[in-house]
Amino acid sequence: MLQNSSKEEQIPEVVDNAVTPLVWASEVPGRSKLAEPVKVTLKPGAKPVRQKQYPIKWEARKGLEELITKFLEYGLLVECESEYNTPVLPGKKSGGKEYRLVQDLRAINQIVQDIHPVVAKPYTLLTSLKEEHKWFTVLDLKDAFFCIPLDTKSQSIFAFEWESPATGRKMQLTWTVLPQGFKNSPTLFGNQLAKELEMWKKQNPGEGILLQYVDDILIAAESKGTCFEMTISLLNFLGQGGYRVSRNKAQIGKAAVIYLGFEISQGQRQLGNERKEAICQIPEPNSPKELRAFLGMIGWCRLWILNYGLYVKPLYEALKESKDRYLIWTPECHKSFKELKKALMTAPALGLPDLTKPFELFVHERQHLALGVLAQRLGSWKRPVGYFSKQLGNVSKGWPGCLRAVAATVLLIQEARKLTMGQKIVVYVPHMVITVLEQKGGHWLSPSRMLKYQVVLLEQDDVELKATAIVNPAMFLTTENPTEKLEHDCLVTIEQVYSSRPDLTDEPLKDPDLELFTDGSSFVQEGRRIAGYAVVTIDKVLESGTLPANTSAQKAELVALKQALRMAEGRRVNIWTDSKYAFGVIHAHGAIWKEGGLLSAQGSPIKYKEEVLQLLQD
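Okay, structure coming up:
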């Protein structure tokens, strides 16, 4: 496993001798020569924020004084008189001796106009790397946000109060550059640097590639010589443009590097040791806040953890039960917490997506979770590219298992496309996905959801669906030909398990003893609501009646169907209804409602509870 060192010997002599010394970070901060001053726009009706300064211990103020003096000397801070004020506090650096200046800008962030974030996602950024890339350079820009100036009219927004420990004088200071903690700083800086890097790319076309995530830059090349050449060229470009690079953090011309917490090497990426160890050192949480922090950190690593959703399910349920009060920590939570850490420490290296090859996606549904693994062929074996876990929605959780598999397939195809970038995906599912969707989907899915599923599964040429008898992702990765005959018939399973009335089918009987037609209605006539029902044959009315004035049409249809079923007892009968709602109660929703205590997906009692229960019990 790669260990990231901070020794300056990391800089190869051939590179160090060829770059401008200005590029390396020193006490003098960088400043982009091309960046225009940023104007900050407030939301309509925004009022000035005035917050009192937190008390700061004398020792901490003394530690911050040297830093603030330097910022004033280099023009990053200036004295001001502003109607705005937000508090600052000292934050100790990892060494424990030096301090850093932290400003609480949450209130300012609430009144500033949002801008659309176009920062690349680490999740998909690395898909641009190719199997041929063997040599890498990582550069970290020092104090990157300070390279972008603030418009003078916007500077007063970020004012804070400072009391000098040497003189006791109180004053207001504000930033002349993009401050840390400002919500738009990453996007504003990232956009500016990206524009300037485009100029460099035009001057340096070649076999290598450059990736940027805010102020972190990765160069990848096929040969060590090319990697050095690109690195020298980029360092000189950055130095001449006014940017500064951290010498201690530079990783230049290496076969394996740490980038964004991932270890990158030829054709693969894995979690860095520092990230894994930091997470595994977290003790069991004592509050919902601590648990949320742990889930946030482990969630970053979810792509590497098989069945991640199953591990975290008890933890999310504990959060839901706790409701921001005390944490309800169960034995299941303790077990999941330990298993997550174990899975993290044994997380495999994942292959980098190769966009010249097709992908294979295995999907299965378990405990209302869509679980899967995306893989690509490497020689004769399948190499995992990512493990997926997605929670099914409240509506689809109530569907039959075979139809939940359809929902899971759609979810994971959408997730996989973030990595496949339009390349073909062969999807293996232990269910007849298309058959279930076409023949049973209409009973359970709304028209809009049905259309969405059809678009994802049928109308885009990057997806090919195949059924498989395999239900284990690990077995999928080791099986040469996963297309085997299914052990169950999805349509028969849905009919047998999820019919509200096993004695009823959704297909008409041949040669029945009787054909019955039902109807229920509710309408307003001369300002008065009238409701009724009827059960008829082709040539006569068998039963009809009026219903209470407040009866809806749907309720009337249920009454009519109940009466028809009563008449049909002991005979082979076809009963026809024009009510999709009544048909669905019998053949789809009724069984789920009954199992769920006759509650809707939102947890409220279903409509016409008594009538539905009578239908299901007849």
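Residue numbers for the sequence shown follow my numbering, beginning at 18 and rising by one. A virtual CB, placed ideally from N, CA and C, is assigned to each residue, including glycine. Keep in mind the model is a prediction, meaning the values are calculated, not measured.
So which of the options has the shortest CA-CA distance to residue i?
| i | options | result |
| --- | --- | --- |
| Glu455 | Gly562, His448, Met467 and Lys271 | Met467 |
| Glu246 | Lys469, Gly459, Thr154 and Leu436 | Thr154 |
| Ser202 | Leu122, Met188, Leu251 and Leu436 | Leu122 |
| Lys293 | Ala267, Ser263 and Lys359 | Lys359 |
| Asn411 | Leu386, Gln127, Leu367 and Asn34 | Leu386 |
| Asp530 | Arg546, Asn591, Asp520 and Ala570 | Asn591 |
| Thr144 | Val553, Ile281 and Lys626 | Ile281 |
| Glu382 | Gln408, Met362, Ile296 and Tyr550 | Gln408 |
| Gly544 | Leu39, Ser561, Arg434 and Ala566 | Ala566 |
| Ser463 | Tyr598, Ile28, Thr58 and His505 | Tyr598 |
| Val105 | Pro72, Trp398, Asp160 and Val40 | Pro72 |
| Thr243 | Asp520, Phe493, Ala310 and Val31 | Val31 |
| Lys218 | Ile345, Leu255 and Lys527 | Leu255 |
| Asp33 | Lys74, Leu252, Glu76 and Met314 | Leu252 |
| Tyr140 | Leu190, Glu53 and Glu432 | Glu432 |
| Ile234 | Pro38, Glu532, Gln120 and Lys266 | Lys266 |
| Phe493 | Gly207, Ala570, Pro300 and Trp398 | Trp398 |
So who's on the other strand from residue i, going by DSSP bridges?
| i | result |
| --- | --- |
| Gly403 | Leu391 |
| His381 | Leu388 |
| Thr243 | BP columns for Thr243 are empty, so no partner. |
| Asn303 | According to DSSP, which records beta bridges pairwise, Asn303 is partnered with nothing at all. |
| Gln631 | Note: Gln631 sits in no beta bridge, so no partner. |
| Trp398 | Leu395 |
| Val119 | Leu106 |
| Ala237 | Phe153 and Ile226 |
| Gln287 | Glu280 |
| Leu190 | Glu96 and Phe177 |
| Glu560 | Val552 |
| Gln431 | DSSP lists no partner for Gln431. |
| Arg537 | With the sequence shown as reference, residue 537 is identified as Gly, and Arg is not the correct amino acid for it. According to DSSP, Gly537 bridges with Tyr550. |
| Ile442 | Phe376 and Val480 |
Helix, strand or coil, according to DSSP, for residue i in the structure here?
| i | result |
| --- | --- |
| Arg466 | helix |
| Thr546 | Sequence check: residue 546 is Arg here, not Thr. Arg546: strand per DSSP, three-state reduction. |
| Ala35 | coil |
| Cys318 | coil |
| Pro203 | helix |
| Pro29 | coil |
| Thr426 | helix |
| Leu454 | helix |
| Gln408 | strand |
| Asn253 | helix |
| Thr568 | coil |
| Trp593 | strand |
| Ile165 | coil |
| Thr86 | helix |
| Pro139 | helix |
| Thr144 | helix |
| Ile125 | helix |
| Glu586 | coil |
| Val57 | coil |
| Lys414 | helix |
| Lys359 | helix |
| Ile269 | strand |
Using a Cβ-Cβ cutoff of less than 7 Å, which residues in the same chain neighbour residue i once the five nearest sequence positions on both sides are dropped?
| i | result |
| --- | --- |
| Thr653 | In the structure as shown, the chain begins at 18 and stops at 635. Residue 653 is therefore absent and cannot be evaluated. |
| Lys50 | Gly258 and Gly259 |
| Leu142 | Leu228 and Tyr230 |
| Ala573 | Gly537, Ser538, Ser539, Ala548, Gly549, Tyr550 and Leu564 |
| Arg400 | Gly368, Ala392 and Gln393 |
| Met10 | Since the first residue of the chain shown is 18 and the last is 635, residue 10 is not available in this structure. |
| Ala63 | Ile128 |
| Lys435 | Tyr140 and Thr141 |
Ordered along the chain, which non-local residues of its own chain (more than five positions away) have a Cβ less than 8 Å from that of residue i?
| i | result |
| --- | --- |
| Gly148 | Reading off the sequence shown, one finds Glu at residue 148, where the question assumed Gly. Closer than 8 Å at Cβ, skipping near neighbours: Gln283, Gly284, Leu369 and Asp371. |
| Leu327 | Arg383, Gln384, Leu386, Leu388 and Ser406 |
| Lys579 | Glu628, Gln631, Leu632 and Asp635 |
| Glu239 | Glu149, His150, Lys151, Trp152, Glu224 and Gly225 |
| Phe163 | Pro46, Gly47, Arg48, Leu93, Val194 and Leu195 |
| Pro29 | Phe245, Ile269 and Gly270 |
Counting only the same chain and skipping the five closest in sequence on each side, list residues whose C-beta sits under 6 Å from that of residue i.
| i | result |
| --- | --- |
| Met18 | Because the pLDDT at Met18 is just 47, under 50, the model does not fix this residue reliably, and the value given afterwards should be weighed accordingly. Excluding sequence neighbours, Met18 sits near Asn290. |
| Thr86 | none |
| Thr535 | Val552, Ala577, Leu578, Ala581 and Thr594 |
| Glu377 | Ala392 and Val443 |
| Ala366 | Gln285 and Gln287 |
Cβ pair count under 8 Å reaching 3, the stretch 177-185 against the stretch 255-262: no
Taking one C-beta from the stretch 347-358 and one from the stretch 425-442 each time, how about it: are there three or more such pairs within less than 8 Å? no
Does the structure place the stretch 433-443 close enough to the stretch 480-488 that three or more beta carbon pairs sit under 8 Å? yes
For the 8 Å Cβ check, are there 3 or more pairs between the stretch 91-98 and the stretch 192-199? yes
Decide if the stretch 29-46 is in contact with the stretch 62-80; the criterion is three or more beta carbon pairs, one per stretch, under 8 Å apart. no
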